[in-house]
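Start counting the sequence shown at 1203; every next residue gets the next number (the working numbering). For every residue, glycine included, the Cβ atom is placed at its ideal position computed from N, Cα and C. Nothing here was measured: the structure is a model prediction, and the numbers come from that model. Structure, as structure tokens:
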Amino acid sequence: MNTIISLCPFCGGTVTQKSVLETVFGGGHTASIQMNILVCEKCSERFYSLEQNNRLEALQAKLENQQTEGLQPTGVSFKVV
Ligand SMILES: [Zn+2]
């Protein structure tokens, strides 16, 4: 089931489809995934279809379980200590 919306329920702004790089965190890892999602032009709120939401949750679950097969390493994340 896809929810098609044209106006942002939060601010009333126009919602358009955009290709964005989503970042998912889990198990100390970070993974990014390019997705075509609906984004509010005004408040930048992002809207996901159920399928997209499931995809992100599945990716997060994989990261938390240290299942990184099928994912390409793109570098090392650092934090300032
Ligand atoms: Zn909005």
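Query	Result
Which value, in whole angstroms, describes the spacing of the CA atoms of N1204 and G1277?	Any answer about N1204 is weak, because its pLDDT of 49 lies below 50 and its placement is not dependable; what the coordinates show is given next. So the alpha carbons of these two residues sit roughly 34 Å apart.
When burial is assigned at 16 or more other CB atoms within 10 Å of the CB, is A1233 buried or exposed?	buried
Taking only the alpha-carbon atoms, compute the straight-line gap between V1283 and I1207 and give it to the nearest angstrom.	43 Å
A1260 to Q1269, Cα distance in whole Å?	11 Å
Write down the C-beta distance between Q1219 and N1238 rounded to the nearest angstrom, noting that I regard them as a contact closer than 8 Å.	6 Å
Does M1203 come out as helix, strand or coil in the three-state DSSP assignment?	Since pLDDT at M1203 reaches only 38, below the 50 mark, its modelled position is unreliable, and the value read off the structure follows with that caveat. Coil at M1203, not helix or strand.
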